[in-house]
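S.K.:
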């Protein structure tokens with residue numbers, strides 16, 4: 265095990281790869297988004313198979329879990345072999361997630377109100393803005409897709425830079 269004050273070449277290389285992946289993702293959002301679609305498709309298939317083989321015994325009502333498992337597998341296969349479906353599915357899912365998270369933040373803002381009125385106002389404003397952005401993303405799946413690709417790129421850039429800094 266390396267001491268904390270020694271150079272870690274593995275972390276450095278992973279950091280460089282992360283920065284490169286981030287630059288590619290930000291400069292080529294189409295490539296980044298296609299990669300996200302591929303990863304989500306494979307994950308959906310694996311998750312469906314896992315639920316079908318390991319979770320049917322857990323539930324009393326097996327019909328729902330079997331239906332849900334088959335749906336996961338079908339969506340994954342559709343995403344894998346029909347890129348347009350995969351891109352649209354993820355773009356819409358991202359927009360809906362944005363809306364639901366913002367509505368959740370709005371409903372939880374009441375708990376912040378007792379602590380700080382300023383934070384409460386800020387939470388409400390950002391939650392409402394989040395709902396508006398989510399609706400706009402839902403109306404424009406292309407904007408949603410570009411947002412996903414951009415966020416993936418930023419994640420890789422930040423993670424890569426942190427890995428490089430921690431490796432030195």
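In the working numbering, the protein residues as written are 265 to 432. Even for Gly, the Cβ is constructed at its ideal location relative to N, Cα and C.
(1) Using a Cβ-Cβ cutoff of less than 7 angstroms, which residues in the same chain neighbour residue 427 once the five nearest sequence positions on both sides are dropped?
(2) Over what stretch of residues does the alpha helix (DSSP H) that includes residue 314 continue unbroken?
(3) One question on the structure: do residue 363 and residue 399 come within less than 8 angstroms of each other, judged by their Cβ atoms?
(4) I need the boundaries of the alpha helix (DSSP H) containing residue 368, first residue and last residue.
(5) Look up residue 317 in the DSSP assignment and say whether it is helix, strand or coil.
(6) Please classify residue 336 as buried or exposed, where buried requires at least 16 neighbouring CB atoms within 10 angstroms.
(7) Look at the alpha carbon of residue 395 and the alpha carbon of residue 318, and state the distance between them as a whole number of angstroms.
(8) Let me know if residue 293 comes out buried or exposed under the rule of 16 or more other beta-carbons within 10 Å of its beta-carbon.
(9) In whole angstroms, give me the CA-to-CA distance for residue 338 and residue 284.
(10) Relative to the ligand GTP, is the shortest distance from any of its heavy atoms to the C-beta of residue 342 smaller than 7 angstroms?
(11) I'd like to know if the stretch 400 to 416 and the stretch 356 to 374 are in contact, where contact means that at least 3 CB-CB pairs between them fall below 8 angstroms.
(12) Here's a check: name, in chain order, each residue in its chain whose Cβ is nearer than 8 angstroms to the Cβ of residue 405, leaving out the five neighbours to either side.
(13) Got a sec, what are the start and stop residues for the alpha helix (DSSP H) residue 408 sits in?
(14) For residue 331 versus residue 413, is the C-beta spacing smaller than 8 angstroms?
(15) Give me the Cα-Cα distance between residue 377 and residue 397, rounded to the nearest whole angstrom.
M.R.: The structure says:
(1) As a working note, residue 427 is residue 163 in the chain shown. Here the set comprises 275, 278, 279, 282.
(2) By 1-based counting over the chain shown, the position of residue 314 is 50. From DSSP, the alpha helix (DSSP H) with residue 314 extends over 293 to 314.
(3) Position 99 of the chain shown, counting from 1, holds the residue named residue 363. Position 135 of the chain shown, counting from 1, holds the residue named residue 399. Result yes, Cβ atoms of residue 363 and residue 399 sit closer than 8 angstroms.
(4) As a first step, residue 368 must be located in the chain shown, where it is residue number 104. Note, residue 368: alpha helix (DSSP H), 347 to 377.
(5) Locating residue 317 in the chain shown gives position 53, where the first residue counts as 1. Helix, per DSSP.
(6) Counted from its first residue, the chain shown places residue 336 at position 72. Looking at its Cβ environment, which holds 16 or more other Cβ atoms inside 10 Å, residue 336 is buried.
(7) Reading the chain shown from its first residue, position 131 is the one you call residue 395. Reading the chain shown from its first residue, position 54 is the one you call residue 318. Each residue's alpha carbon lies about 37 angstroms from the other.
(8) As a first step, residue 293 is located in the chain shown; it is residue number 29 there, counting from the start. Residue 293 comes out buried.
(9) Here residue 338 corresponds to residue number 74 of the chain shown, with the count starting at 1. Here residue 284 corresponds to residue number 20 of the chain shown, with the count starting at 1. So the two alpha carbons sit approximately 33 angstroms from each other.
(10) Because no ligand of any kind appears in the structure shown, any question about the ligand GTP cannot be addressed here.
(11) Output reads yes: the stretch 356 to 374 touches the stretch 400 to 416.
(12) The residue given as residue 405 occupies position 141 in the chain shown. Closer than 8 angstroms at Cβ, skipping near neighbours: 351, 352, 355, 356, 359.
(13) Here residue 408 refers to the residue found at position 144 when the chain shown is read from its first residue. Where residue 408 is concerned, the enclosing alpha helix (DSSP H) stretches over 405 to 431.
(14) For the purposes of this step, residue 331 is identified with residue 67 of the chain shown, where counting begins at 1. For the purposes of this step, residue 413 is identified with residue 149 of the chain shown, where counting begins at 1. The answer is no: Cβ separation not under 8 angstroms.
(15) Along the chain shown, read from residue 1 onward, the residue named residue 377 stands at position 113. Along the chain shown, read from residue 1 onward, the residue named residue 397 stands at position 133. Going from the Cα of residue 377 to the Cα of residue 397 covers about 24 angstroms.
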